Structure formats: structure tokens, C-alpha cells
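Reviewing the structure listed below.
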Amino acid sequence: METLLCLEHVVTLQLDGEKCIGCGMCLEACPRRVLLWATDEEHPMQMLIKVVISVSVIVLATALARRFPLLAGLIGVMPLTGALVLVWVYLENGGDPQIMQSFAKGAFWGILPTLLFFFVAFLCLKKGCSLPEVLAAGFAAWTAAAFLHQWLLK
353 METLLCLEHV VTLQLDGEKC IGCGMCLEAC PRRVLLWATD EEHPMQMLIK VVISVSVIVL
413 ATALARRFPL LAGLIGVMPL TGALVLVWVY LENGGDPQIM QSFAKGAFWG ILPTLLFFFV
473 AFLCLKKGCS LPEVLAAGFA AWTAAAFLHQ WLLK
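Counting from 353, one number per residue, gives the positions in the sequence shown under my numbering.
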């Protein structure tokens with residue numbers, strides 16, 4: 353059964369409309385609509401740990417970007433994110449080798465669309481494009497490559 357995690361009170365809310373023990377309101381009426389999907393097998397703190405670690409990497413890269421943009425770029429694309437996801441997938445699936453292999457295969461070949469995103473972004477920046485144009489072109493290239501990625505790997 354799926355549940356929702358209330359970030360305000362770090363409690364689990366059932367989908368049948370149970371009241372939040374933090375605010376006493378039912379799920380549908382709760383003004384705090386910042387909710388994350390979780391599964392019954394996942395402890396609420398696991399989701400919080402994932403969010404904190406992921407945000408920490410982003411904050412570190414952006415903090416370094418002003419003084420060390422090349423290092424920040426390296427941190428932004430380092431395999432730490434992939435390694436963290438690999439750890440979460442391993443823990444949540446009991447180390448199932450088939451799932452791990454499929455994830456690693458998708459991640460390996462998924463590097464190509466990401467490379468294309470940054471190549472297009474680099475070319476656009478070199479031409480003097482605005483940030484919205486750079487992002488639009490980069491994500492358009494990435495999306496096309498990602499569809500090709502999914503089609504080829506099926």
C-alpha cells in the first residue's frame with residue numbers, strides 16, 4: 353500500500369484520508385501540501401536522508417561555482433549522484449542483481465544524452481545565447497537523445 357509522507361510533521365498519512373497527528377487535519381484539507389510519495393517499506397527518515405544528501409551536493413557545487421567554476425562543473429556531473437542512487441536501489445531491492453544491472457546499464461548509456469545536453473549548452477553559451485535559450489536548447493537535445501536511449505535499450 354502506498355502512503356504519503358508529511359514533511360511538516362514527518363508522519364505517515366494513509367491514502368484513505370486519515371488525520372495528520374501533527375495538525376489534526378485530514379489529508380485532503382491539509383494546508384501543508386508539500387507531500388512526497390513513499391512506500392510502506394520505506395521509513396520516513398530514509399526519504400529525508402535522500403533529500404538532504406542530494407541537496408547538499410547541489411549546494412556544494414553552486415557554492416564553489418563562483419570561485420572555482422571548473423571544479424563546480426566536475427562536482428555537478430560526478431558519479432556521486434549515480435552512486436547514491438545505486439546505493440538506494442540496492443538497499444530498497446535487497447541487492448537484486450537484475451535490478452542493479454538494469455540500473456547500471458541505463459545509467460551508462462544515459463551519459464550520452466547528458467553529454468549532448470552540455471555540448472549544446474556549451475555551443476549556445478559560446479554564441480552568446482541567454483540562459484533560457486541555453487536551457488531550452490540543451491533540454492531539447494537531451495530529451496531527443498533520452499527518447500532514443502529508451503527506444504534503443506528496450
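Beta carbons: idealized from backbone N, C-alpha and C, even for Gly.
Here the structure is a predicted model, which is why all the values come from computation and not from measurement.
Go ahead and pull the three-state DSSP assignment for residue i.
i    : result
F420 : coil
P449 : helix
K479 : coil
Return the Cβ separation of residue i and residue j in integer angstroms, given the expectation that the two are a contact with Cβ distance under 8 Å.
i    : j    : result
W494 : P465 : 5 Å
Would residue i be called buried (16 or more neighbouring beta carbons within 10 Å of its own) or exposed?
i    : result
G490 : buried
W389 : Legend: pLDDT at W389 = 43, less than 50; position of this residue unreliable, value from coordinates given subsequently. Flag for W389 reads exposed.
F499 : exposed
V439 : exposed
V472 : buried
From which residue to which residue does the alpha helix (DSSP H) around residue i run?
i    : result
G434 : 432-444
G490 : 483-505
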